[in-house]
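K.L.:
In terms of numbering that gives the first Met the number 0, the sequence shown opens at residue 0 and continues consecutively.
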Amino acid sequence: MSEADLPPIDELVPHAGAMVLLDAVIEAGDEHIACRRTVRADGLFEDAAGLPAWAGVELMAQAVAAWAGWQATREGRPVRLGFLLGTRQYRCDVDVFAPGTELRVEAVRIFHDANGMGVFACRIDAPGGHAEARLNVFSPPDADAFFAATAGDPIHD
Numbered sequence: 000m001s002e003a004d005l006p007p008i009d010e011l012v013p014h015a016g017a018m019v020l021l022d023a024v025i026e027a028g029d030e031h032i033a034c035r036r037t038v039r040a041d042g043l044f045e046d047a048a049g050l051p052a053w054a055g056v057e058l059m060a061q062a063v064a065a066w067a068g069w070q071a072t073r074e075g076r077p078v079r080l081g082f083l084l085g086t087r088q089y090r091c092d093v094d095v096f097a098p099g100t101e102l103r104v105e106a107v108r109i110f111h112d113a114n115g116m117g118v119f120a121c122r123i124d125a126p127g128g129h130a131e132a133r134l135n136v137f138s139p140p141d142a143d144a145f146f147a148a149t150a151g152d153p154i155h156d
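#1: Could you give the DSSP three-state label for valine 24: helix, strand or coil?
#2: How is the alpha helix (DSSP H) around threonine 86 delimited, first residue to last?
#3: Taking the alpha helix (DSSP H) that glycine 168 falls in, what are its first and last residues?
#4: Out of Ala27, Met18, Leu20, Ile109, state which residue places its alpha-carbon closest to the alpha-carbon of glutamate 2.
#5: For glutamate 10, which of helix, strand or coil comes out of DSSP?
#6: Just to confirm my understanding: we take histidine 111, look at its own chain, exclude 5 residues before and 5 after, and list those with CB closer than 6 Å. What are they?
#7: Give the DSSP-derived three-state secondary structure of glutamate 131 in the structure shown.
#8: State the beta-bridge partners of glutamate 101 as determined by DSSP.
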């Protein structure tokens, strides 16, 4: 699907306000999603120099969340909470993405199971810069039950 046919990004990710770091979904399919972000000089993680490369992991995670939100929306389900568990390797060939740069943030599903575990191959492409990583994510089928099960657990309190 093209950008004109897709819902606004803030309807697909379970974030609010300035925590929504992506500007829009530009294409989506069964196994992938592509989003865009124009780097600003005054964003949540940006300054006059631009967006630090390390913030790319969060952009990728939000692309994964947008993919999950898109799948839920298409199937008439509510958008669910998800967790970034981590990545073994994040590579970026720039230290900062300059203000005004348009980033294309993509996520492709590699693995996903019924318990909510998933792995996505992600990338950011921009003029003069590229980043990539594989993200491990978890979205519990029932977030309320998940949090209730961890209540009283000293690791999660």
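Even for Gly, the Cβ is constructed at its ideal location relative to N, Cα and C.
P.N.:
In short, the structure shows the following:
#1: It is a strand residue.
#2: That residue, threonine 86, is in no alpha helix (DSSP H); its beta strand (DSSP E) goes 82 to 91.
#3: Since the first and last residues shown for the chain are 0 and 156, residue 168 lies out of range.
#4: Ala27
#5: helix
#6: Gly117
#7: strand
#8: Thr37
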